[in-house]
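**Q** Reading the sequence shown from the start, the letters are residues 10 to 455 in the numbering used here.
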Amino acid sequence: MSTKAETIGIILAGGRGERAKPITLESADYIRSKALIPFVGRRLIEWVLESCRVQGIRRFYVVTHGLENRNQIKLLLGHGERHGVRITYSRSRFDRYNVGSAGATLHNLEQWDLQGRALVLPVDSLFDFDLGALHATHDAQDALVTVAAVARTPAEIAHKYGVMRTDERGLVQGFVEKPGLTELGELFPRTLAEPDTGLPTNAGMYLVDCGRLRLLAREPELFRQSHQRLDWGGDLLPWLVRHGHPVATHTIGRLGDLGNVPDYLDTVRLVLNGAYEQMNRLMDQPDDTARRRWIHESSLQTKDDVTGTTLAQKIDEGSVVIGAGVRIGRDVEIGPGVRLENADVGDGAEVREGSTLVRSTVGESAVIGSYADIADSYIGPMAEVRSERIRPIRLERHTAVGDGAVLWPGSRLCGVTVYPRLRVPALAGVPARTELRSAEDVLRWV
Numbered sequence: 010m011s012t013k014a015e016t017i018g019i020i021l022a023g024g025r026g027e028r029a030k031p032i033t034l035e036s037a038d039y040i041r042s043k044a045l046i047p048f049v050g051r052r053l054i055e056w057v058l059e060s061c062r063v064q065g066i067r068r069f070y071v072v073t074h075g076l077e078n079r080n081q082i083k084l085l086l087g088h089g090e091r092h093g094v095r096i097t098y099s100r101s102r103f104d105r106y107n108v109g110s111a112g113a114t115l116h117n118l119e120q121w122d123l124q125g126r127a128l129v130l131p132v133d134s135l136f137d138f139d140l141g142a143l144h145a146t147h148d149a150q151d152a153l154v155t156v157a158a159v160a161r162t163p164a165e166i167a168h169k170y171g172v173m174r175t176d177e178r179g180l181v182q183g184f185v186e187k188p189g190l191t192e193l194g195e196l197f198p199r200t201l202a203e204p205d206t207g208l209p210t211n212a213g214m215y216l217v218d219c220g221r222l223r224l225l226a227r228e229p230e231l232f233r234q235s236h237q238r239l240d241w242g243g244d245l246l247p248w249l250v251r252h253g254h255p256v257a258t259h260t261i262g263r264l265g266d267l268g269n270v271p272d273y274l275d276t277v278r279l280v281l282n283g284a285y286e287q288m289n290r291l292m293d294q295p296d297d298t299a300r301r302r303w304i305h306e307s308s309l310q311t312k313d314d315v316t317g318t319t320l321a322q323k324i325d326e327g328s329v330v331i332g333a334g335v336r337i338g339r340d341v342e343i344g345p346g347v348r349l350e351n352a353d354v355g356d357g358a359e360v361r362e363g364s365t366l367v368r369s370t371v372g373e374s375a376v377i378g379s380y381a382d383i384a385d386s387y388i389g390p391m392a393e394v395r396s397e398r399i400r401p402i403r404l405e406r407h408t409a410v411g412d413g414a415v416l417w418p419g420s421r422l423c424g425v426t427v428y429p430r431l432r433v434p435a436l437a438g439v440p441a442r443t444e445l446r447s448a449e450d451v452l453r454w455v
């Protein structure tokens with residue numbers, strides 16, 4: 010049982026990561042838990058744990074669902090010893106009750122006999138937040154639940170995000186699901202004159218009073234819903250507001266949704282450029298603070314197989330250009346004529362002669378061949394982009410290449426998803442948003 014003085018962390022890790030494919034795939038038929046998405050040198054759940062730990066949370070309860078989520082997370086984190094925290098996992102026999110994010114929360118609050126306060130958060134997002142400020146809002150409003158909110162303009166919200174209607178104290182009065190600009194103007198007239206006005210949208214993180222929430226969960230209507238499907242945003246929060254329970258909002262600094270490839274790449278870029286204050290404190294200091302560059306010493310001393318010179322030498326002589334917002338991991342081989350900008354390159358990767366990487370991520374041990382031109386794209390661990398000078402490969406506009414996939418020289422892909430371990434011959438003209446899931450899919454475009 011938790012004590013009232015401490016805040017515990019409840020991590021919801023039950024989703025299958027469908028939107029984030031191929032990042033959440035280790036093979037075409039084996040899901041990687043969203044918690045284990047690689048993100049600037051670590052797994053995402055490690056950053057989530059650390060951001061909570063430095064703000065005083067030492068006990069975590071992980072709600073999992075299915076073999077992949079449970080085993081993969083437990084193999085990585087164990088019971089938290091390496092991170093200086095204590096981690097408890099939901100029991101597999103209760104998986105059938107973990108239907109919906111709120112239902113899973115309520116069932117496990119009861120199972121673990123939790124009291125006091127808990128911070129409930131998912132594993133497919135990166136939050137920039139101040140836990141102390143969240144508590145202050147919770148106290149001031151005597152809230153049952155305080156919703157972490159992100160302020161967005163009407164243009165950002167329209168047809169994409171739900172918005173919360175609040176009173177002058179910040180207590181939620183209602184929810185509007187993905188309104189258009191016209192409806193937003195009617196609901197929030199001030200936005201017509203001030204279109205840059207920020208409106209509160211749900212970030213998916215909640216500070217909750219465990220004891221009070223457990224009592225409410227025994228209400229017949231809520232009990233019945235929690236055994237069917239009960240989500241936080243669409244079900245539980247509206248129910249609480251309708252029944253007069255205090256739900257507060259607190260605006261946090263920033264939210265990075267890693268649930269799809271474009272948002273993943275955008276969040277990596279923002280983190281590398283210092284937009285997340287909390288990540289700035291958690292990450293190692295940049296080697297170049299002004300341009301925010303991280304280059305591991307082992308990579309600086311690694312020689313390429315064309316010139317036989319180290320990366321440090323090539324940077325000094327100007328044959329390699331490292332722009333702003335670049336992280337290069339351990340033992341990375343960089344060839345001459347390479348240009349990197351707003352790029353994350355994982356341990357053991359190779360970027361060969363003449364290639365350009367802009368606003369892109371390269372996974373561990375991936376190989377980028379010569380004269381590749383890659384922009385706004387994701388290259389998974391151990392993928393091979395077999396570009397050549399006479400037949401360069403060009404990838405752009407949120408192309409995603411899964412783990413261990415191989416692209417043959419001459420490919421031109423724009424907004425295409427390649428599933429793990431596929432071998433793809435030179436392709437061009439494949440429509441954006443095409444998913445190449447199998448050899449049969451590839452053959453359709455040859």
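The C-beta atom is built at its ideal place from N, Cα and C for all residues, glycine as well.
Predicted, not measured: the structure shown is a model, and the values here were computed from it.
(1) I'd like to know if the region 181-188 and the region 288-306 are in contact, where contact means that at least 3 CB-CB pairs between them fall below 8 Å.
(2) To the nearest whole angstrom, what separates the beta carbons of residue 356 and residue 373, a pair I think is in contact under 8 Å?
(3) Note down, in chain order, each residue of its chain lying with its Cβ closer than 6 Å to the Cβ of residue 241, except the 5 sequence neighbours on either side.
(4) Let me know the beta strand (DSSP E) ranges lying completely inside the region 167-228, each 3 residues or longer, listed in chain order.
(5) Beta carbon of residue 156, beta carbon of residue 215: below 9 Å?
(6) Leaving out the 5 sequence neighbours to the left and right, which residues in its chain are closer than 7 Å to residue 440 when beta-carbon positions are compared?
(7) Leaving out five residues on either side along the sequence, give the residues of the same chain with a beta carbon under 8 Å from the beta carbon of residue 41.
(8) Rounded to whole angstroms, what is the Cα-Cα separation between residue 196 and residue 255?
(9) Identify, in the order they occur along the chain, each residue of the same chain with its Cβ nearer than 8 Å to the Cβ of residue 153, setting aside the five sequence neighbours on each side.
(10) Return yes when the Cβ of residue 72 is within less than 9 Å of the Cβ of residue 127, no when it is not.
(11) Where does the unbroken beta strand (DSSP E) through residue 160 begin, and where does it stop?
(12) Report the three-state DSSP secondary structure of residue 321 (helix, strand or coil).
(13) Tell me whether residue 12 sits in a helix, a strand or coil according to DSSP, three-state version.
(14) Confirm, please, whether the CB-CB distance from residue 396 to residue 364 is below 9 Å.
(15) Cα-Cα, which of 382, 390, 335 is closest to residue 1?
(16) Where does residue 381 fall in DSSP's three states?
(17) Using the three-state DSSP reduction, which class does residue 146 fall into: helix, strand or coil?
(18) Between residue 535 and residue 341, what straight-line distance do the alpha-carbon atoms span, to the nearest angstrom?
(19) Roughly how many angstroms lie between the CA atoms of residue 344 and residue 64, to the nearest whole one?
(20) With 9 Å set as the bound, which would you pick, yes or no: does the beta-carbon of residue 308 sit closer than that to a beta-carbon of chain D?
(21) Within its chain, find whatever has a CB closer than 6 Å to the CB of residue 115; leave out the 5 residues flanking it on each side and keep chain order.
(22) From the DSSP output, in three-state form, read off residue 267 for me.
(23) Beta-carbon separation of residue 231 and residue 133 under 9 Å?
(24) Going straight from the alpha carbon of residue 259 to that of residue 140, what length do you get?
(25) My parser needs the alpha helix (DSSP H) runs of 4 or more residues fully inside the region 51-82; what are they?
(26) Indicate whether the contact test is met: 3 or more Cβ pairs, each with one atom in the region 407-416 and one in the region 386-393, closer than 8 Å.
(27) Starting from residue 284, trace the beta strand (DSSP E) both ways and give me its first and last residue.
(28) Could you tell me if residue 84 is buried or exposed, where buried requires 16 or more neighbouring beta carbons within 10 angstroms of its beta carbon?
(29) Whole angstroms is fine: what's the gap from residue 433's alpha carbon to residue 403's?
(30) Just verifying my parser: in three-state terms, what is the DSSP assignment at residue 43?
(31) Counting C-beta neighbours from all protein chains within 10 Å, is the total for residue 455 16 or more, i.e. buried, or is it exposed?
(32) Compute the distance between the beta-carbons of residue 184 and residue 264, then report whether it is under 9 Å.
(33) With H, G and I counted as helix, E and B as strand and the rest as coil, what does DSSP make of residue 259?
(34) Count the other C-beta atoms from every protein chain shown that fall within 10 angstroms of the C-beta of residue 96, then say buried if there are 16 or more, exposed otherwise.
(35) Measuring straight from C-alpha to C-alpha, what distance separates residue 30 and residue 408?
(36) Measure from the alpha carbon of residue 208 to the alpha carbon of each residue in 164, 303, 247, 74, then state which is nearest.
**A** Result, derived from the coordinates:
(1) no
(2) 5 Å
(3) 110, 111
(4) 172-175, 181-185, 208-218
(5) yes
(6) none
(7) 26, 32, 33, 34, 35, 77, 81
(8) 21 Å
(9) 217, 218, 221, 222, 225, 249, 254, 255, 256
(10) no
(11) 154-161
(12) helix
(13) Confidence at residue 12 is low in this model, with a pLDDT of 41, below 50, so its placement is unreliable and no value can be given for it.
(14) yes
(15) Within the shown structure, residues of the chain are numbered from 10 to 455, placing residue 1 beyond reach of any answer.
(16) coil
(17) helix
(18) Since the first residue of the chain shown is 10 and the last is 455, residue 535 is not available in this structure.
(19) 42 Å
(20) No chain D is part of this structure, which consists of one protein chain only.
(21) 226, 235
(22) coil
(23) no
(24) 10 Å
(25) 53-62
(26) yes
(27) Counting along the chain, residue 284 falls outside any beta strand (DSSP E), and DSSP gives it neither H nor E.
(28) exposed
(29) 14 Å
(30) helix
(31) exposed
(32) no
(33) strand
(34) buried
(35) 11 Å
(36) 164
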